[in-house]
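All residue numbers for the sequence shown refer to this note's numbering, where the first residue is 7 and numbers rise by one.
Shown next, in structure tokens, is the structure this report addresses.
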Amino acid sequence: MTTLAQQISIGKPGSELATLRTSPSDRSESQKPDAIGLLGAMLSHSTKYVREMTDMSDVWRMSATEIADAVRSKRLSAVDVTKAHLARIDATNSDINAVVQHFPDEALASARAVDAAIAAGKNPGILCGVPVTIKVNVDQKGHATTNGLKLQKDLIAYTDSPVVSNIRAAGGVIVGRTNTPAFSLRWFTKNDLHGQTLNPRNKAFTPGGSSGGASAAVASGMCAIGHGTDIAGSIRYPAYACGLHGLRPTLGRIPAFNASGPDRHIGAQMMAVSGPIARTISDIEIAFKAMAAEDIRDPWWVPAPYEQGKFPKRAALTITPDGMPVAREVENALRDAAQRLKDAGWIVDEVACPSMRKAAEINEQLWMTEMRAGAEKMVALEADPDAQFVYQQMKNRIAPVDVEGLLGALQTRAGLVREWQEFMQRYPVLICPTSGELPFAQQQDVQSEITFEAIMEAQLTQRALPVLGLPGLAVATGMFGQTPVGVQLVGGRYREDILIAAGADIERAGASINVAEI
Numbered sequence: 007m008t009t010l011a012q013q014i015s016i017g018k019p020g021s022e023l024a025t026l027r028t029s030p031s032d033r034s035e036s037q038k039p040d041a042i043g044l045l046g047a048m049l050s051h052s053t054k055y056v057r058e059m060t061d062m063s064d065v066w067r068m069s070a071t072e073i074a075d076a077v078r079s080k081r082l083s084a085v086d087v088t089k090a091h092l093a094r095i096d097a098t099n100s101d102i103n104a105v106v107q108h109f110p111d112e113a114l115a116s117a118r119a120v121d122a123a124i125a126a127g128k129n130p131g132i133l134c135g136v137p138v139t140i141k142v143n144v145d146q147k148g149h150a151t152t153n154g155l156k157l158q159k160d161l162i163a164y165t166d167s168p169v170v171s172n173i174r175a176a177g178g179v180i181v182g183r184t185n186t187p188a189f190s191l192r193w194f195t196k197n198d199l200h201g202q203t204l205n206p207r208n209k210a211f212t213p214g215g216s217s218g219g220a221s222a223a224v225a226s227g228m229c230a231i232g233h234g235t236d237i238a239g240s241i242r243y244p245a246y247a248c249g250l251h252g253l254r255p256t257l258g259r260i261p262a263f264n265a266s267g268p269d270r271h272i273g274a275q276m277m278a279v280s281g282p283i284a285r286t287i288s289d290i291e292i293a294f295k296a297m298a299a300e301d302i303r304d305p306w307w308v309p310a311p312y313e314q315g316k317f318p319k320r321a322a323l324t325i326t327p328d329g330m331p332v333a334r335e336v337e338n339a340l341r342d343a344a345q346r347l348k349d350a351g352w353i354v355d356e357v358a359c360p361s362m363r364k365a366a367e368i369n370e371q372l373w374m375t376e377m378r379a380g381a382e383k384m385v386a387l388e389a390d391p392d393a394q395f396v397y398q399q400m401k402n403r404i405a406p407v408d409v410e411g412l413l414g415a416l417q418t419r420a421g422l423v424r425e426w427q428e429f430m431q432r433y434p435v436l437i438c439p440t441s442g443e444l445p446f447a448q449q450q451d452v453q454s455e456i457t458f459e460a461i462m463e464a465q466l467t468q469r470a471l472p473v474l475g476l477p478g479l480a481v482a483t484g485m486f487g488q489t490p491v492g493v494q495l496v497g498g499r500y501r502e503d504i505l506i507a508a509g510a511d512i513e514r515a516g517a518s519i520n521v522a523e524i
């Protein structure tokens, strides 16, 4: 059996960046597909894949888009798809601990409802029969919203959060709930209630956090789409660490609300969002469309259409925002992604983007002000040693903020957002690091104060974006040896359509992302 790197990488592992690259510039004119031909080839491949499949247990290797098409056309049943993914969970979850709440009977009941709707001539929705996981920090009726805490192990939700309702309404089948660190506080996924989640690509490295359970589940084939949340990179970084794609949407795109607890303070209201993690860009698109449906329970939700007109295919490339250190492998991935866009007809200029450092500081000020006000006692009561260490380091970095300081931070934010909007007007896409480093070793953030600070610097772009309210798309581009690598695309507000178009162009120039072999 070939390794993941052998399946999806080009190049000598460990010596230079091995990227998922098949650039149009490397082909003869007769080999370059046009858009119609490429679409036809993709659909033909999907149909052929399902038709030739003899072992239903391999359904978990299919993309969400392929599954939805196959179930809608009755080439597969939602029940069979669900059974295959439940079997995959049973076979692999004990090795990586991605899914921490498992309910097969409930999942199969949802799948039967999808099949019944199809039999009645109805359209179940864009996620027709697609297996999805939900992060344990959002409400799902009948299940504990633990947020990785022993203190909340019995906090049973009595209603679905908007994102869960939207996934169900779109025909998605929820097959499990995924792990998060205590308080969803880290870029690593471990807690005293559910245990530690491992990266199915390479167990020596973090699966990311806080949506590390979601990324591990998607990468290992337990689901086709993983729901995640992001207040400082918790969708984008797990996607990056597990060699996947992940979308942090614009604030107000995907409705949010947990009836199991009080409304959050202004910092989290302005910065925390839900979004999808998946193995293909088309899966990101359909998951985003499903999740973004209206729900009046969220006063921040905005009725913005997905497609908002034509745009110039012009991108900015910033290798080292604010002078942040960037590993050679990351720089190589950035330049490779830029070249892929150029080959697809984009104009790419290497320029400095507006400052991210002040935005990252405001993120910490808002987040820590909220935690000091409402969660500090819980951190002590939970007594999770990793959460306590990280919280102490954050306190060391950010002094308490008084009312004047909070008002000043929000005032400064307005100017930063204005500057970024002007920049995104010139460049509809920014290519920048997802992280300055390759995925971190497991538990690296709690080794020492020095390693914690180094990680905070490497994650500058993760911390800055939520304050700006802009969408960001983590795009996997390949492997460096046995380690995933990728880039981050940043777009203007409500222009997820542009990010997905650019992400598809980058993806198209490379090989497919395969499910990790466990």
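Virtual Cβ for every residue (Gly too), placed ideally from N, Cα, C.
In chain order, what residues of the same chain have a beta carbon less than 8 Å from the beta carbon of residue i, not counting five sequence neighbours either side?
i: Phe429; result: Ala322, Cys359, Pro360 and Leu436
i: Gly380; result: His271
i: Ala163; result: Asp145, Gln146, Lys147, Gly148, His149, Ala150, Thr151, Asn264, Ala265 and Ser266
i: Leu525; result: No answer is possible for residue 525: the residues shown for the chain start at 7 and end at 524.
Please return the same chain residues whose Cβ sits closer than 6 Å to the Cβ of residue i, not counting the five positions on each side in sequence.
i: Phe458; result: Gln399 and Asp451
i: Ser36; result: Low confidence applies here, because Ser36 scores a pLDDT of 34, under 50, leaving its location unreliable and the question unanswered by this model.
i: Ile512; result: Ala343, Arg346 and Val481
i: Asn523; result: It is worth fixing the name first, because residue 523 is Glu in this sequence and not Asn. If we look at Glu523 and ignore the five residues flanking it on each side, it has no Cβ neighbours.
i: Arg514; result: none
i: Ala510; result: Ile287
i: Gly498; result: Met430
i: Gly252; result: Ile241, Arg242, Ala245, Ile283 and Ala480
i: Gln202; result: Lys196
Does residue i come out as helix, strand or coil in the three-state DSSP assignment?
i: His251; result: strand
i: Asp236; result: strand
i: Val521; result: coil
i: Gly182; result: strand
i: Leu257; result: coil
i: Pro213; result: coil
i: Pro39; result: Only weak support is given to the placement of Pro39: the predicted model assigns it a pLDDT of 34, under 50, and the value that follows is read from those uncertain coordinates. Note: Pro39 maps to coil in three-state DSSP.
i: Pro206; result: coil
i: Gly492; result: strand
i: Lys159; result: coil
i: Ala104; result: coil
i: Gly201; result: strand
i: Gly498; result: coil
i: Lys89; result: helix
Who are the Cβ neighbours of residue i in its own chain at under 7 Å, not counting the five residues just before and after it?
i: Gln525; result: Limits of the chain in this structure are 7 at one end and 524 at the other, which puts residue 525 out of reach.
i: Val332; result: Ile325, Thr326, Pro439 and Gly442
i: Ala175; result: Gly131 and Ala299
i: Met362; result: Pro327, Asp328, Leu466, Thr467 and Ala470
i: Asn4; result: Because residue 4 is not part of the residues shown, which for the chain are 7 to 524, the question remains open.
i: Phe211; result: Asn205, Ala247, Pro445, Phe446, Ala447, Gln448 and Thr489
i: Arg303; result: Pro168, Pro261 and Phe263
Are the beta-carbon atoms belonging to residue i and residue j less than 8 Å from one another?
i: Thr467; j: Leu412; result: no
i: Val481; j: Leu495; result: yes
i: Asp236; j: Gly281; result: yes
i: Asp160; j: Asp390; result: no
i: Gly154; j: Ser116; result: no
i: Arg207; j: Ala223; result: no
i: Ile404; j: Gln427; result: no
i: Gly273; j: Pro244; result: no
i: Met297; j: His91; result: no
i: Asp289; j: Ile231; result: yes
i: Lys141; j: Ser217; result: yes
i: Pro318; j: Pro434; result: yes
i: Asp355; j: Arg192; result: no
Checking contacts by CB at 8 Å: is residue i closer than that to chain C?
i: Thr184; result: In summary, chain C is missing from the structure at hand, where a single protein chain is found.
So residue i packs on residue j, CB below 8 Å; how close in whole Å?
i: Glu367; j: Ile506; result: Going by Cβ atoms, the distance from Glu367 to Ile506 rounds to 30 Å, so no, they are not a contact pair.
i: Gly173; j: Leu133; result: The residue you asked about is not Gly; residue 173 is Ile in the sequence shown. With 8 Å as the limit, Ile173 and Leu133 qualify as a contact, their Cβ atoms being about 7 Å apart.
i: Ala365; j: Leu422; result: 5 Å
i: Thr186; j: Val105; result: The Cβ separation is near 12 Å, so there is no contact.
i: Cys248; j: Pro305; result: Their Cβ separation, rounded to whole angstroms, is 33 Å, which puts Cys248 and Pro305 out of contact at 8 Å.
i: Thr88; j: Pro168; result: Contact doesn't hold; Cβ gap of about 23 Å is too wide.
i: Glu388; j: Ala238; result: Wrong, their Cβ atoms sit about 20 Å apart, outside the cutoff.
i: His200; j: Thr139; result: Not really, about 14 Å apart at Cβ, beyond 8 Å.
i: Tyr242; j: Arg254; result: Before going on, a small fix: residue 242 reads as Arg here, not Tyr. Arg242 to Arg254, Cβ: 6 Å. Contact.
i: Trp120; j: Asp86; result: In the sequence under discussion, the amino acid at residue 120 is Val, which differs from the Trp named in the question. In fact, because the Cβ distance is near 11 Å, the residues do not count as touching under 8 Å.
i: Val473; j: Arg419; result: 6 Å
i: Leu527; j: Val279; result: Residue 527 lies beyond the range of the chain shown here (7 to 524); nothing can be said about it.
i: Gly135; j: Val77; result: 3 Å
Practice task
At 4 residues or longer, and completely inside the region 402 to 438: list those alpha helix (DSSP H) runs for me, N to C.
Solution key: Unbroken alpha helix (DSSP H) stretches of 4 residues or longer found wholly inside the region 402 to 438: 409 to 432, given in chain order.
Handout entry: Segments assigned alpha helix (DSSP H), at least 4 residues, entirely inside the region 440 to 483
Key = Within the region 440 to 483, the complete alpha helix (DSSP H) runs of at least 4 residues are 455 to 464 and 466 to 474.
Problem - Runs of beta strand (DSSP E) wholly within the region 261 to 319 (minimum 3 residues, chain order) - result: Those beta strand (DSSP E) runs which fall completely within the region 261 to 319 and span 3+ residues are 279 to 284.
Handout entry: Whole runs of the alpha helix (DSSP H) within the region 106 to 138, excluding any shorter than 4 residues
Key = Entirely contained in the region 106 to 138, the alpha helix (DSSP H) runs reaching 4 residues are, in chain order, 110 to 125.
Handout entry: Every unbroken beta strand (DSSP E) within the region 308 to 385, with a cutoff of 3 residues, ordered by chain
Key = Counting only runs of 3 or more, we get 320 to 323 and 353 to 356.
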